[in-house]
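Position one of the sequence shown corresponds to residue 260 (this note's numbering), numbered consecutively onward.
Cβ coordinates follow ideal geometry from the N, Cα and C atoms, glycine included.
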Amino acid sequence: MREIAAADIVAAVSRLAIEANTVLGDDVLAALRQALQAEEAEAGRRVILQFLENARIAREGGLSLCQDAGFALVFAQIGQDVRVCGGDFSEAINEGVRRGYREGYLRASICDPVSRRNTGDNTPAVIHTEIVSGRALKLTFVAKGGGSENMSRVTMLPPAAGLAGVEDYVVRRVQESGANPCPPTIVGVGLGGTLERCALLAKKALLREVGAPNLDPRLAQLEGRMLERINRLGIGPQGLGGRITSLAVHVEMMPCHIASLPVAVNIQCHSARHKTAVL
260 MREIAAADIV
270 AAVSRLAIEA
280 NTVLGDDVLA
290 ALRQALQAEE
300 AEAGRRVILQ
310 FLENARIARE
320 GGLSLCQDAG
330 FALVFAQIGQ
340 DVRVCGGDFS
350 EAINEGVRRG
360 YREGYLRASI
370 CDPVSRRNTG
380 DNTPAVIHTE
390 IVSGRALKLT
400 FVAKGGGSEN
410 MSRVTMLPPA
420 AGLAGVEDYV
430 VRRVQESGAN
440 PCPPTIVGVG
450 LGGTLERCAL
460 LAKKALLREV
470 GAPNLDPRLA
480 QLEGRMLERI
490 NRLGIGPQGL
500 GGRITSLAVH
510 VEMMPCHIAS
520 LPVAVNIQCH
530 SARHKTAVL
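Laid out in structure tokens, this is it:
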């Protein structure tokens with residue numbers, strides 16, 4: 260049994276919270292540069308150039324990429340031979356969020372849903388845990404902005420809808436979202452499972468390297484078709500018109516009940532912020 264100190268988890272989450280909010284991933288930057296080459300609308304090109312400049316300023320100055328520093332999500336893969344010592348696992352993650360958002364001067368955006376009173380430190384985080392083999396702890400921190408999250412949906416299609424129905428639903432969701440999720444977006448799609456599992460699949464799809472196709476040829480083809488249709492909508496960067504409404508569509512799938520066809524769409528803005536550490 261390998262022991263990992265709760266204090267090390269606190270330090271890792273704090274660092275990841277700051278890095279995720281200040282350093283845009285190389286895959287996202289590459290996707291934006293490709294979008295700049297493909298975008299024909301002058302307004303859209305100017306927007307993408309501003310995104311790239313914003314990313315440079317944030318990285319060099321240690322500044323938040325967006326005023327919305329997001330809801331703190333942590334995906335934790337816990338090796339079955341790992342024991343956390345010296346503190347509670349969930350509390351260690353939340354303390355890391357508190358420290359990271361305080362020390363990184365990041366906006367606290369989490370509030371009571373009824374009173375709307377801010378919790379003041381961006382906690383509690385949403386923590387998704389998975390027990391895996393091994394002696395390591397993998398932590399992936401995600402800063403999920405509210406604007407794009409608000410455009411996300413889960414539905415239960417009839418099985419007869421098939422892949423054509425799935426495709427139509429996803430494209431329509433992006434079209435109805437318009438400029439609200441700050442396009443160009445990354446579209447995470449969950450297919451199958453149950454209501455809650457489908458939503459989680461869509462969220463996890465956003466963690467894939469931007470534009471990397473699903474290894475299942477059927478899903479890779481579905482991703483390509485949906486991206487092509489989405490980029491024909493004409494919404495464009497920041498909704499100002501153009502060819503590039505989305506940078507990628509990522510689909511994750513699992514089996515479902517014979518009576519249902521769950522579909523979830525989790526939209527991510529152009530500032531796709533997540534970082535990973537392995538302890």
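{"Item": "Within 10 Å of its beta-carbon, does valine 360 have 16 or more other beta-carbons around it, so buried, or fewer, so exposed?", "Value": "According to the sequence provided, residue 360 is tyrosine. The question's valine does not apply to it. Looking at its Cβ environment, which holds 16 or more other Cβ atoms inside 10 Å, tyrosine 360 is buried."}
{"Item": "Would you say the beta carbon of glycine 470 is closer than 7 Å to some non-hydrogen atom of the ligand NAP?", "Value": "Looking for the ligand NAP in the displayed structure turns up nothing, as the structure carries no ligands at all."}
{"Item": "Following the continuous alpha helix (DSSP H) through methionine 410, name the residue where it begins and the one where it ends.", "Value": "Counting along the chain, methionine 410 falls outside any alpha helix (DSSP H), and DSSP gives it neither H nor E."}
{"Item": "Taking C-beta to C-beta, are arginine 342 and methionine 260 nearer than 8 Å?", "Value": "yes"}
{"Item": "Quick one: using the 10 Å Cβ neighbour count with 16 as the cut-off for buried, is threonine 378 buried or exposed?", "Value": "exposed"}
{"Item": "Can valine 448 and histidine 509 be called in contact, C-beta distance under 8 Å?", "Value": "yes"}
{"Item": "When burial is assigned at 16 or more other CB atoms within 10 Å of the CB, is asparagine 490 buried or exposed?", "Value": "buried"}
{"Item": "For isoleucine 503 and alanine 297, which I take to be in contact (beta-carbon distance under 8 Å), what is that distance rounded to the nearest angstrom?", "Value": "6 Å"}
{"Item": "Taking only the alpha-carbon atoms, compute the straight-line gap between glutamine 339 and glycine 493 and give it to the nearest angstrom.", "Value": "48 Å"}
{"Item": "According to DSSP, is glycine 284 part of a helix, a strand, or is it coil?", "Value": "coil"}
{"Item": "With DSSP collapsed to three states, give me the class of glutamate 389.", "Value": "strand"}
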